[in-house]
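Scroll down for the structure; my scribbles are underneath it.
Residue numbers (the UniProt record's numbering): 1 to 201.
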């Protein structure tokens, strides 16, 4: 019996020697607040009841939609990668001139290589430039059309998983027809992304 007690005492001392922080931190008061970005630590390396500030992340726009959110990098900022593979199969980009003569539409292809992408614009220069970029980069799953949203094809009704209208609506005197047609070609469970450029107040 005495031998067993001595063995137990030696084991406890050894555990404490290997993991002193576990023993020291166990006596800290319980914190009743939730900190999304974790807690600060004291000089002993123990959590204290003070939240870390959110990381300073850039405002770079990711030209993709992630149904289950984006992955987070080591700095706590979201990166342009989806948490889970998404089910986006068809994408319509309305006004690819506003997105840099097709550049945003072409970038979408990098993150949705299995999707069918269509870009439309009323500006002939925008479409011609987008077609040249498409040819230069040898992309086959994107089509560009010279048309406005009011001319969207009847066969496209309820076709698109994702519709984007980026930096377009603020240039239209009446954006309602554009929005109505965009909704007409979007699937019932689809997603629409709108980006507005408004003058500073």
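Beta carbons: idealized from backbone N, C-alpha and C, even for Gly.
Query: Kindly list the residues whose CB is nearer than 6 Å to the CB of residue 152, restricted to its own chain and excluding five residues on each side of it in sequence; keep chain order.; Result: 181 and 185
Query: Our contact map puts residue 46 next to residue 33 with C-beta atoms below 8 Å; I'd like the distance itself, whole angstroms only.; Result: Between residue 33 and residue 46 the Cβ distance is about 16 Å, and since that is not below 8 Å, they are no contact.
Query: Report yes if the CB atom of residue 119 is closer than 8 Å to the CB atom of residue 160, and no otherwise.; Result: no
Query: May I have the straight-line CA-CA distance separating residue 211 from residue 89, to the nearest angstrom?; Result: Residue 211 is absent from the structure shown; the chain starts at 1 and stops at 201.
Query: In or out: residue 30 buried (at least 16 other Cβ within 10 Å) or exposed?; Result: exposed
Query: Does the beta-carbon of residue 140 have 16 or more other beta-carbons within 10 angstroms, so that it is buried, or is it exposed?; Result: exposed
Query: Identify the continuous alpha helix (DSSP H) that holds residue 181 and give its terminal residues.; Result: 176-185
Query: Going by CA-CA distance only, name the one from 106, 95 and 72 that's closest to residue 195.; Result: 95
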